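**Q**
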Amino acid sequence: MSVTVLIVDDSKLARIVAGKALAELQPEWTKVEAGSAAQALEIIEETVPDLALIDFNMTEKDGLELASELRVLLPDMPIAIITANIQDEIVARAREIGAGFVSKPVTADALEPFLSGAALRFRSKRA
Numbered sequence: 059m060s061v062t063v064l065i066v067d068d069s070k071l072a073r074i075v076a077g078k079a080l081a082e083l084q085p086e087w088t089k090v091e092a093g094s095a096a097q098a099l100e101i102i103e104e105t106v107p108d109l110a111l112i113d114f115n116m117t118e119k120d121g122l123e124l125a126s127e128l129r130v131l132l133p134d135m136p137i138a139i140i141t142a143n144i145q146d147e148i149v150a151r152a153r154e155i156g157a158g159f160v161s162k163p164v165t166a167d168a169l170e171p172f173l174s175g176a177a178l179r180f181r182s183k184r185a
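Now the structure itself:
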């Protein structure tokens, strides 16, 4: 099964780091990158991702705002908010919209629980 992961972060370096962690855990999965929330929404018009990794701190719109919009468009898509800003309020807001939470810097160890859960959901959908 082909899985497409949308990585949204306004830092190119952060997208590279997240992409490397993803490739280490799921080398057969495809990644698409967006440098902003607006770019992510443009990508979704052409390519519907299976899951999303979204940075919290972005310039025009924070990651939770984007995740809320994606939740409306793609209600079943697994979403993780990635950030170094580990505050209870942010974690709580992420949970309210049904998003996971991955701390920065993104490592394979930090990403693995979220990806494992997403992979399990994909397998159970196919069954």
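The opening position of the sequence shown corresponds to residue 59 in this note's numbering, with each subsequent residue numbered one higher. Here a beta-carbon is modelled for each residue, glycine too, at the ideal position from N, C-alpha and C. Note that the structure is predicted; figures quoted are calculated from it, not measured.
(1) Between which two residues does the alpha helix (DSSP H) carrying residue 70 extend?
(2) Tell me the DSSP bridge mates of residue 113?
(3) Three-state secondary structure (DSSP) at residue 121?
(4) Please name the residue, chosen from 139, 92, 157 and 101, that lies closest to residue 133 on a Cα-to-Cα basis.
(5) Where do the ends of the beta strand (DSSP E) carrying residue 106 lie?
(6) Would you check if the distance between the CB atom of residue 161 and the CB atom of residue 152 is smaller than 8 Å?
(7) Thinking just about the alpha-carbon of each residue, which of 142, 170 and 121 is nearest to the one in residue 94?
(8) Is DSSP giving residue 157 helix, strand or coil here?
(9) Assign residue 67 to one of two classes, buried (16 or more other C-beta atoms within 10 Å of its C-beta) or exposed (fewer than that).
(10) Here's the rule I'm using: 16 or more other beta-carbon atoms within 10 Å means buried, otherwise exposed. How should residue 71 be labelled?
(11) Take residue 89 and list the residues in its own chain whose beta-carbon comes closer than 7 Å to its own, dropping the five residues that flank it on each side.
(12) Is the distance from the Cβ of residue 128 to the Cβ of residue 142 below 8 Å?
**A** Taking the structure as given:
(1) On the sequence shown, position 12 is the one that residue 70 refers to. That run of the alpha helix (DSSP H) goes 70-83.
(2) Counting from 1 along the sequence shown, the entry for residue 113 is found at position 55. DSSP, once it has assigned bridges, lists 140 as partnering residue 113.
(3) To locate residue 121, count along the sequence shown from 1; it is residue 63. The three-state reading of DSSP puts residue 121 in helix, counting H, G and I together.
(4) Residue numbering aside, residue 133 sits at position 75 when the sequence shown is read from its first letter. Answer by Cα proximity: 157.
(5) Position 48 of the sequence shown, counted from the start, is the residue given in the question as residue 106. Premise fails: residue 106 is in no beta strand (DSSP E) and is neither H nor E.
(6) Here residue 161 refers to the residue found at position 103 when the sequence shown is read from its first residue. Here residue 152 refers to the residue found at position 94 when the sequence shown is read from its first residue. No, the pair does not count as a contact, with Cβ atoms beyond the cut-off.
(7) In the sequence shown, counting from the first residue as 1, residue 94 sits at position 36. Answer by Cα proximity: 121.
(8) Numbered from its first residue, the sequence shown carries residue 157 at position 99. Of the three classes helix, strand and coil, the one that applies to residue 157 here is coil, per DSSP.
(9) Locating residue 67 in the sequence shown gives position 9, where the first residue counts as 1. Result: buried.
(10) Along the sequence shown, one-based indexing puts residue 71 at 13. Label assigned to residue 71: exposed.
(11) What you label residue 89 is simply residue 31 of the sequence shown in a count that begins at 1. Spatial neighbours of residue 89 in its own chain (CB-CB distance under 7 Å, excluding positions within 5 residues in sequence) are listed in chain order as 63, 65, 77 and 80.
(12) Translated into the one-based positions of the sequence shown, residue 128 becomes position 70. Translated into the one-based positions of the sequence shown, residue 142 becomes position 84. The answer is no: Cβ separation not under 8 Å.
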